[in-house]
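Engineer: Please see the structure below; I have some questions.
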Amino acid sequence: MITVENSFLADKSAQEVYRVFSNVEAIARAFPTVIRVEVIDEDHVNLGLLVKLGLLPLDNNVTLAVTERTNPKRLVAEGVALPGKGLASVARIADKEALTKLSLILELEELGADKCRVYYKILADAHGNLKRVYDAVIKGQRAKMESEFIKNVSQILGAPIVEEKGAAKAST
């Protein structure tokens, strides 16, 4: 299981941040690797992701469904990722290894009228060569992708965001 987690402080109330994160299209566009967003309804979205590992384009097709909404404290989305042709060829994937189960968890903590802590955790259940490719991407590009994500969320919220020192973790 691959786990990525982090937290940051936002100069907005938990309710305002929840409103943004509960909009599947708006928050999907905050992820720097997203190249395609197809909203099915307010709880379902299909995404195309593209990450480069060196010169190699690694593509993924992701289907997510919001499975829990606890306003304004918690959102959970679950889904699956299927590798596109580029990722499949790099990872030399057998069919049984191809599906990656995903869980995305967001928790908000109110810290005052206009401040909250945003904690997120991403779990990816990948196996074999696909897991090794994901591990390499996380090791090489995590800091850059998280920085871009936080910048994008800040723009969507229209408020400053500060990453909490020592909060970022990744494990496999």
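Residue numbering for the sequence shown follows this note's numbering, beginning at 2 and increasing consecutively.
Backbone N, C-alpha and C fix where the C-beta goes; we use that ideal spot for every residue, glycine too.
Here the structure is a predicted model, which is why all the values come from computation and not from measurement.
Which whole-angstrom value describes the C-beta separation of L51 and I36, a residue pair presumed to lie in contact below a C-beta threshold of 8 angstroms?
Structural biologist: Counting from one through the sequence shown, the residue named residue 51 turns up at place 50. Counting from one through the sequence shown, the residue named residue 36 turns up at place 35. About 5 angstroms separates the two Cβ atoms, so the contact holds.
Engineer: Taking 8 angstroms as the limit between beta carbons, can you name the residues of its chain near G141, skipping five residues before and five after?
Structural biologist: In the sequence shown, the residue the question calls residue 141 occupies position 140. Within the same chain, G141 has close Cβ partners L54.
Engineer: Leaving out five residues before and five after K97 in sequence, what residues of the same chain have Cβ atoms less than 6 angstroms from its Cβ?
Structural biologist: Position 96 of the sequence shown, counted from the first residue, corresponds to residue 97. At K97, the pLDDT of 49 sits below 50, so the modelled position is not reliable; the number obtained from the coordinates is stated separately. There are no such residues.
Engineer: Taking the alpha-carbon positions, what's the P33 to Y121 distance?
Structural biologist: Position 32 of the sequence shown, counted from the first residue, corresponds to residue 33. Position 120 of the sequence shown, counted from the first residue, corresponds to residue 121. One C-alpha to the other measures close to 16 angstroms.
Engineer: Are I1 and V67 close, meaning C-beta to C-beta below 8 angstroms?
Structural biologist: Here the chain comprises residues numbered 2 to 173, so residue 1 is not present and cannot be evaluated.
Engineer: DSSP three-state label for R143, please.
Structural biologist: Numbered from 1 along the sequence shown, position 142 holds the residue referred to as residue 143. Helix, per DSSP.
Engineer: Alpha carbon to alpha carbon, how far is V134 from P84?
Structural biologist: Taking the first residue of the sequence shown as 1, we reach residue 134 at position 133. Taking the first residue of the sequence shown as 1, we reach residue 84 at position 83. The straight-line gap from Cα to Cα measures roughly 11 angstroms.
Engineer: Per DSSP, what kind of secondary structure is N24 in: helix, strand or coil?
Structural biologist: To locate residue 24, count along the sequence shown from 1; it is residue 23. N24 falls in the coil class under three-state DSSP.
Engineer: Quick check: F22 and V163, are their CB atoms within less than 8 angstroms of each other?
Structural biologist: In the sequence shown, residue 22 corresponds to position 21, counting from 1. In the sequence shown, residue 163 corresponds to position 162, counting from 1. No, Cβ-Cβ distance for F22 and V163 is not below 8 angstroms.
Engineer: With distances taken between CB atoms, is the gap from A160 to D12 smaller than 8 angstroms?
Structural biologist: Here residue 160 refers to the residue found at position 159 of the sequence shown. Here residue 12 refers to the residue found at position 11 of the sequence shown. In this structure, D12 lies closer than 8 angstroms to A160 by Cβ.
Engineer: Please state the DSSP three-state secondary structure of E165.
Structural biologist: By 1-based counting over the sequence shown, the position of residue 165 is 164. In the three-state scheme derived from DSSP, where H, G and I count as helix and E and B as strand, E165 is classed as coil.
Engineer: Whole-angstrom Cβ separation of V25 and V5, contact assumed at under 8 angstroms?
Structural biologist: Indexing the sequence shown from 1 puts residue 25 at position 24. Indexing the sequence shown from 1 puts residue 5 at position 4. So it is not a contact: roughly 19 angstroms between Cβ atoms.
Engineer: State the Cα-Cα distance for the pair N130 and V40, rounded to the nearest angstrom.
Structural biologist: As a working mapping, residue 130 is identified with position 129 in the sequence shown. As a working mapping, residue 40 is identified with position 39 in the sequence shown. One C-alpha to the other measures close to 30 angstroms.
Engineer: Give me, in chain order, the residues of the same chain whose beta-carbon lies closer than 7 angstroms to that of G80; leave out the 5 immediate sequence neighbours on both sides.
Structural biologist: Translated into the one-based positions of the sequence shown, residue 80 becomes position 79. Cβ neighbours of G80 beyond the five flanking positions: V63, T64, L65, A66 and L103.
Engineer: For Q16, I'd like the list of residues in its chain whose CB is within less than 6 angstroms of its CB, leaving aside the five on either flank, ordered along the chain.
Structural biologist: By 1-based counting over the sequence shown, the position of residue 16 is 15. Excluding sequence neighbours, Q16 sits near P73.
Engineer: Let me know if T71 comes out buried or exposed under the rule of 16 or more other beta-carbons within 10 Å of its beta-carbon.
Structural biologist: Translated into positions along the sequence shown, residue 71 becomes position 70. That one is exposed.
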